[in-house]
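J.: The following block contains the structure, expressed as C-alpha cells.
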Amino acid sequence: MILILVLLVFPTVIENCLVVKSVEPPKCECQSLALSTSNILSIIGNHEFYKSNISKYSIHAPKISTDD
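Counting with mature numbering (1 follows the signal peptide of the UniProt record, and there is no 0), you get residues -16 to -1, 1 to 52 for the letters of the sequence shown.
Below, the structure written as C-alpha cells:
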C-alpha cells in the first residue's frame, strides 16, 4: 500500500521540479568592463599572463547576436 502511494506522489514531485516559473530570464547584475587597445595597458599593466599570452593577438570587439 505504501508503494502505491509513493508511486502516485512521485510523478507530481518530478513535474513540479521541471516547471519553469518565469517567462523571461533574470536580469544580469554583473559589472563588466570593455577592454580596448587604449585602456588595456592601464588596467592589466605588466602582468605576466598578458605579456606572454594576450599581447600576441589583436583585440576585436565580440559579435553579439540576440537571435536564438
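A virtual CB, placed ideally from N, CA and C, is assigned to each residue, including glycine. Here the structure is a predicted model, which means the values were calculated and not measured.
Where Asn37 and Ser6 are concerned, what is the direct C-alpha to C-alpha distance, given to the nearest angstrom?
T.: As a first step, residue 37 is located in the sequence shown; it is residue number 53 there, counting from the start. As a first step, residue 6 is located in the sequence shown; it is residue number 22 there, counting from the start. Computed Cα separation, rounded: 41 Å.
J.: What is the C-beta distance between Thr21 and Ile43, in whole angstroms, given that I count them as a contact (C-beta under 8 Å)?
T.: By 1-based counting over the sequence shown, the position of residue 21 is 37. By 1-based counting over the sequence shown, the position of residue 43 is 59. Rounded, the Cβ-Cβ distance is 6 Å, consistent with contact.
J.: Rounded to a whole number of angstroms, what is the C-alpha to C-alpha distance between Leu17 and Leu(-14)?
T.: Position 33 of the sequence shown holds residue 17. Position 3 of the sequence shown holds residue -14. Those two C-alpha atoms are separated by around 56 Å.
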